[in-house]
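Just so you know, we're using our numbering here: the sequence shown kicks off at 16 and counts up by one.
Glycine residues also receive a C-beta, built at the ideal position from the N, C-alpha and C atoms.
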Amino acid sequence: MYETIGIEHGIGLAANQIGWDLNIMIVDTQNYEDSKGESCIFINTEILHTEGETIMEEGCLSIPNI
Numbered sequence: 016m017y018e019t020i021g022i023e024h025g026i027g028l029a030a031n032q033i034g035w036d037l038n039i040m041i042v043d044t045q046n047y048e049d050s051k052g053e054s055c056i057f058i059n060t061e062i063l064h065t066e067g068e069t070i071m072e073e074g075c076l077s078i079p080n081i
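Structure, rendered in structure tokens:
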């Protein structure tokens, strides 16, 4: 998954985006200019609480050039 993100210059990728039937997601901001430069793997995640609003540009590796 890290290889796919590197090739496509992405920040996040879910396993199902590359044909894996797993509940895994990676977020890799090491090459993102406005970031602390972290790399994280999430397995079987659940969002339990959110607060506030975040606005930023978004792209999608599933649909290139968007």
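A distance below 6 Å between beta-carbons, with the five flanking residues on each side excluded, links C55 to the following residues of its chain, in chain order: V42.
Residues of the same chain with a CB within less than 8 Å of the CB of D36, apart from the 5 flanking positions on each side, are A30 in chain order. Separation of the CB atoms of I33 and T19 is rounded to 6 Å, and the pair is thereby assigned contact status at 8 Å. Short of 8 Å from the beta carbon of T44, and not among the five residues preceding or following it, lie these beta carbons of its own chain, in chain order: I26, S50, K51, G52, E53, S54. The C-beta of L63 has fewer than 16 other C-beta atoms within 10 Å across all chains shown, which makes the residue exposed.
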